[in-house]
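Read the structure below first, then the notes.
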């Protein structure tokens, strides 16, 4: 834990803070007016959770990493924000409760191993959303994964830390491997090294839409957005799905880097 106490001092320095402001702005534009409770999946160090709480929402954060949740709790306490954080896996949200909205940003869906796990997350989210509630998430576009990331190298060297990030094409379609190395200066003046490998995978737009609109257990073809309400009730996890790009309210283009999905249960 000593390492994470030092790591927390630089974690947000290597993460672009403007992204959290953009995620916040996008969320606020697309939430229902009467939204009160927000469940943030893959909340990480709590940067967005704190921002949402400061906007007056009741926030519940979940992450698979105990260490990240430690940072999140520290951040919330420092900001005077009352947020419930819990360690868990977004593929199983049994017993979590019900929420007005669920968010899942920072391409966290792309960390699922395959489309079956992606569908499992969508089903779990639908189970914790109230009727009419919003599920808002983002993923890397296929262009970002296939054309932009491979061969990318980013290195940052500061007085108290160094950060190396190199990306390589993955072994399955639309996948990437990020090799991250941190050198963090500890209280005793020595540098501690931490290595991480992040494997991400995305899918074609129609595959996401099919998974969102259909109960994956039924394995039926994707329905048109103009399907009858009666038919949709039999198969749809979400009654409507809107797709945007790159933090804007514009439709995705061929060169969009990040797709945003706004789903209504």
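Numbering (my numbering), first residue to last: 1108 to 1372. Ideal Cβ positions, reconstructed from N, Cα and C, are used throughout, including at glycine. These numbers come from a predicted model, not from an experiment.
{"Asked": "May I ask you to report which of helix, strand or coil DSSP gives residue 1136?", "Found": "helix"}
{"Asked": "Report yes if the CB atom of residue 1153 is closer than 9 Å to the CB atom of residue 1176, and no otherwise.", "Found": "yes"}
{"Asked": "Under the rule that 16 or more other beta-carbon atoms within 10 Å means buried, what is residue 1206, buried or exposed?", "Found": "buried"}
{"Asked": "What residue does the beta strand (DSSP E) around residue 1194 start on, and which one ends it?", "Found": "1191-1194"}
{"Asked": "Does the region 1244-1255 come into contact with the region 1306-1313, if we say contact requires no fewer than three beta-carbon pairs (one atom in each stretch) closer than 8 Å?", "Found": "yes"}
{"Asked": "Taking DSSP as the reference, what is the three-state secondary structure of residue 1345?", "Found": "coil"}
{"Asked": "Could you tell me whether the Cβ atoms of residue 1139 and residue 1239 are closer together than 9 Å?", "Found": "yes"}
{"Asked": "Quick check on residue 1281: buried or exposed, where buried means 16 or more other Cβ atoms within 10 Å of its Cβ?", "Found": "buried"}
{"Asked": "Tell me, which residues are paired with residue 1146 by DSSP?", "Found": "1167, 1209"}
{"Asked": "Give me the DSSP bridge partner(s) of residue 1271.", "Found": "1262, 1288"}
{"Asked": "Can you tell me the Cα-Cα spacing of residue 1162 and residue 1229, whole angstroms?", "Found": "26 Å"}
{"Asked": "Helix, strand or coil for residue 1371 per DSSP?", "Found": "strand"}
{"Asked": "Given that a residue counts as buried once 16 or more other Cβ atoms are within 10 Å of its Cβ, and exposed if not, what is residue 1262?", "Found": "exposed"}
{"Asked": "Just confirm the distance between the C-beta atoms of residue 1290 and residue 1268, as a whole number of angstroms; I'd bet it's less than 8 Å.", "Found": "6 Å"}
{"Asked": "Have a look at residue 1325 and residue 1318 and give me their C-alpha separation to the nearest angstrom.", "Found": "Residue confidence for residue 1325 is low, a pLDDT of 38 falling below 50, so the modelled location carries little weight and cannot support an answer."}
{"Asked": "Note the first and the last residue of the continuous beta strand (DSSP E) segment covering residue 1251.", "Found": "Run containing residue 1251: none; DSSP gives neither H nor E here."}
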